[in-house]
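In numbering that gives the first Met the number 0, the protein residues as written are 0 to 230.
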Amino acid sequence: MNARMLAVLVLLTPAAGVSDAAGQRIDSPYRFVEHSQGAGIYGARVWPSTGRLRLGPHTATGVGVRYGISVSGPLTLELDLLYAPTTRSVGDTILTIPDSLPTIRGEADMNLLIATGSVRFNITGGRTWHGLQPYAQFGAGIATDIAPSSALADSIPANARVEFGTSFAGQLGAGLEWYPSARWSLRVDARNALWKLKYPSAFQTGTGSRLVPADEWEGNSILTAGLSMHF
Numbered sequence: 000m001n002a003r004m005l006a007v008l009v010l011l012t013p014a015a016g017v018s019d020a021a022g023q024r025i026d027s028p029y030r031f032v033e034h035s036q037g038a039g040i041y042g043a044r045v046w047p048s049t050g051r052l053r054l055g056p057h058t059a060t061g062v063g064v065r066y067g068i069s070v071s072g073p074l075t076l077e078l079d080l081l082y083a084p085t086t087r088s089v090g091d092t093i094l095t096i097p098d099s100l101p102t103i104r105g106e107a108d109m110n111l112l113i114a115t116g117s118v119r120f121n122i123t124g125g126r127t128w129h130g131l132q133p134y135a136q137f138g139a140g141i142a143t144d145i146a147p148s149s150a151l152a153d154s155i156p157a158n159a160r161v162e163f164g165t166s167f168a169g170q171l172g173a174g175l176e177w178y179p180s181a182r183w184s185l186r187v188d189a190r191n192a193l194w195k196l197k198y199p200s201a202f203q204t205g206t207g208s209r210l211v212p213a214d215e216w217e218g219n220s221i222l223t224a225g226l227s228m229h230f
């Protein structure tokens, strides 16, 4: 081997090594979420429980806003406000027979407002997998009716008038967020919200073994889909 051929081999050897390394490189399916804060809007479908007297809020479509801030790799704190206009049945019968239901006089407007703070646990931590970030969340807040007084409801005697009022609300759910880019994401989630329905004194009397309690906790299903911006 002459000196010229040896020099050519020496020059080509590093290039071959680089080419082999490049060919063996495997891109990771994981990507870090670049921004620690996010705000978004969403649409929601709410399936509330009407309770044993069937006087709770009816199924509704609503709109909401949310804001979140990352506090560690897997944990995010979120504030959520959901508004869902709906109706509720108005009844005026005192229960005297077990398993009987109130006589329905009509319906009253109801503007359901749910405000919650939640802890979100990102299953993939502070990263996405192929752009997807699944999560679980739990939180607490309030559920209230902000509709003005109804003439029909006001015509019912006070001791038989069912009003939603304001209740503590807890929630538990899970969802999936997709990042088509670093700044924008699409998100869907399903949650179960728990709040209390209250019954006036007229419904707490009767005969037989079944009496209506002063209040009862009810689970309510909520499905949301929305768009978020991250910064």
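Cβ atoms here follow ideal geometry from the backbone N, Cα and C, with glycine treated the same way.
query, result
"State the DSSP-derived secondary structure class of Ser180, mapped to helix, strand or coil.", "coil"
"Pick out the complete beta strand (DSSP E) segments inside the stretch 115-177, 3 residues or longer, and give them in chain order.", "126-128, 131-144 and 165-177"
"Are there three or more Cβ pairs, one per stretch, closer than 8 Å when the stretch 150-165 is compared with the stretch 173-192?", "no"
"For the beta strand (DSSP E) that Phe31 lies in, which residues bound it at each end?", "Tyr29 to Phe31"
"Which of the three DSSP states, helix, strand or coil, is assigned to Ser48?", "coil"
"Alpha carbon to alpha carbon, what distance is there between Tyr178 and Gly130?", "5 Å"
"Relative to the alpha-carbon of Gly116, which residue among Arg53, Leu81 and Asp91 has its alpha-carbon at the smallest distance?", "Leu81"
"Is there contact here, the stretch 36-56 with the stretch 217-229, by at least three beta-carbon pairs under 8 Å?", "yes"
"Mark Trp216 as exposed unless 16 or more other C-beta atoms lie within 10 angstroms of its C-beta, in which case mark it buried.", "exposed"
"Between the stretch 51-63 and the stretch 26-33, can you find at least three pairs of beta-carbon atoms closer than 8 Å?", "no"
"Apply the 10 Å Cβ neighbour rule to Phe167 and answer buried if 16 or more other Cβ atoms are within range, or exposed otherwise.", "exposed"
"Rounded C-beta distance between Leu111 and Thr85? I'm assuming under 8 Å.", "6 Å"
"Glu33 and Ala181 look like a contact to me (Cβ under 8 Å); what is the Cβ gap, rounded to whole Å?", "5 Å"
"Which two residues bound the contiguous beta strand (DSSP E) that contains Tyr82?", "Leu74 to Gly90"
"Only counting the same chain, and skipping five residues up and downstream in sequence, which positions put a Cβ closer than 8 Å to that of Thr89?", "The sequence given here places Val at residue 89; Thr does not occur at that position. Here the set comprises Leu54, Ile103, Arg104, Gly105, Glu106, Ala107, Ser149, Leu151, Ala152, Ile155 and Val161."
"Gly218 and Ser48 look like a contact to me (Cβ under 8 Å); what is the Cβ gap, rounded to whole Å?", "6 Å"
"Taking the alpha carbon of Met228 as the point to measure from, which residue in Gly67, Leu52 and Ala83 has its own alpha carbon closest?", "Gly67"
"Which two residues bound the contiguous beta strand (DSSP E) that contains Gly67?", "Ala59 to Ser69"
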